[in-house]
Amino acid sequence: MISDPTKRFTDRVDNYVKYRPNYPDEVISYLQKECGLTSNSVIADVGAGTGIFTGLLLNKGYKVYAVEPNEAMLQAAIDQYGNNSQFIPVNGTAEATTLPINTIDLIVCAQAFHWFNEEKTAVEFKRILKTGVKAALVWNNRLPDADEFSKAYENLLKQDAIDYNKVNHRKIGEINFKRFFKDGNYSVTKFPNEQVFDLDGLFGRTFSSSYVPAEGSEEGGKFRTLLKDVFDRYNQNGQVSFHYQTEIYMGEV
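Letter by letter, the sequence shown follows residues 1490 to 1742 of the numbering used here.
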């Protein structure tokens, strides 16, 4: 398994683009209201990956810096949004974005904060944010007990996904947020989200995750067989569902 978080997803970009969940429309509406965003607001999507959240912001007309250290993932974002003049790709990290000082109206980190060095990221975010504005940490948190399929899928990951317990973003919690946000103050807002997959979609969604064995490897082949067994047991009319809670942790840094 690749230990460098900036390189973990290089061989999974295609599946990431096709099968990772998007975010509910309510998330953008919430950010617009709570952060007082205007048509002139400049947003940094840090740890932008392939641009899933970036695309939602661009669709609302915002200028977006998509900051991403993984070249393959950033290229996927460029392939999708490179013709949009409001899209500015940046090969940088959360700890060193390279963005100008005091220029950003909102920072969003979607499905990414758990890869960052919290202390160095806080210093960098304070540097680039305008005074008094916020950062939003967003996750699609898959619900492991939502139904019998979800329980079986979670058990499979715990038993046979090599890095699952090590890099699971659920290890990030209140202690981290209180340490990261200014004076330990932040808000938490949650929205329901869901994906429905056939077998091929389930394969794609699962192998987009860096903690499972690589799809073309011997271990990946074994894992694929186990995953199909879970699908065969629990699918309904050839489909299974991933139930999520989209969670937003937001405050000044």
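C-beta atoms are modelled at their ideal positions from N, C-alpha and C, and glycine is treated no differently. All values derive from a computational prediction rather than experimental measurement.
In the DSSP annotation of this structure, the continuous segment of the beta strand (DSSP E) that includes aspartate 1534 starts and ends at 1531-1535. Lysine 1717 carries a helical assignment under DSSP once its states are collapsed to helix, strand and coil. Contact check for glycine 1550 against glutamine 1569 fails: the beta carbons are separated by 8 Å or more.
Phe1666 is the residue among Lys1717, Phe1666 and Ile1593 whose C-alpha sits nearest the C-alpha of asparagine 1606. Excluding five sequence positions before and after asparagine 1644, none of the CB atoms of its chain fall closer than 7 Å to its own CB.
Residue ranges of uninterrupted beta strand (DSSP E) with 3 or more members, entirely inside the segment 1506-1581 and ordered along the chain, are 1531-1535, 1552-1556 and 1576-1579. Taking all protein chains shown into account, asparagine 1674 has fewer than 16 neighbouring C-beta atoms within 10 Å of its C-beta and is therefore exposed. When DSSP reads this structure, isoleucine 1593 sits in a beta bridge with Leu1618. Per the DSSP secondary-structure output, threonine 1586 pairs with nothing in a beta bridge.
Using a 10 angstroms sphere on the CB of leucine 1715, the tally of other CB atoms stays under 16, which defines it as exposed. Annotation for tyrosine 1642: the continuous alpha helix (DSSP H) segment containing it runs 1637-1649.
Only residues of its own chain outside the window of five on either side were considered, and among them Val1579 and Gly1581 have a CB closer than 7 Å to the CB of threonine 1587, listed in chain order. Counting only unbroken stretches of 4 or more residues, the alpha helix (DSSP H) elements lying wholly within the segment 1660-1712 are 1663-1669 and 1688-1696, in sequence order. Counting every other CB atom within 10 Å of its CB across the protein chains shown gives asparagine 1559 a total of 16 or more, marking it as buried. For glutamine 1600, no beta strand (DSSP E) run applies, since DSSP gives it neither H nor E. Close CB contacts of tyrosine 1733 within its chain, under the 8 Å cut and outside five residues either way in sequence, are with Pro1510, Asn1629, Asn1630, Arg1631, Leu1632, Pro1681, Asn1682, Glu1683 and Gln1684 (chain order).
Within its own chain, the residues whose Cβ lies closer than 7 Å to the Cβ of threonine 1610, once the five positions on either side in sequence are excluded, are Ala1583 and Glu1584, listed in chain order. Counting other Cβ atoms within 10 Å of its Cβ, arginine 1722 stays below 16 and is therefore classed as exposed. With 16 or more other Cβ atoms inside 10 Å of its own Cβ, proline 1702 counts as buried. For valine 1553 against isoleucine 1577, the beta-carbon gap comes to about 7 Å, under 8 Å, which counts as contact. A distance of 8 Å or more separates the beta carbons of glycine 1538 and tryptophan 1604. Residue burial annotation: glutamine 1648 is exposed, with fewer than 16 other C-beta atoms found within 10 angstroms of its C-beta.
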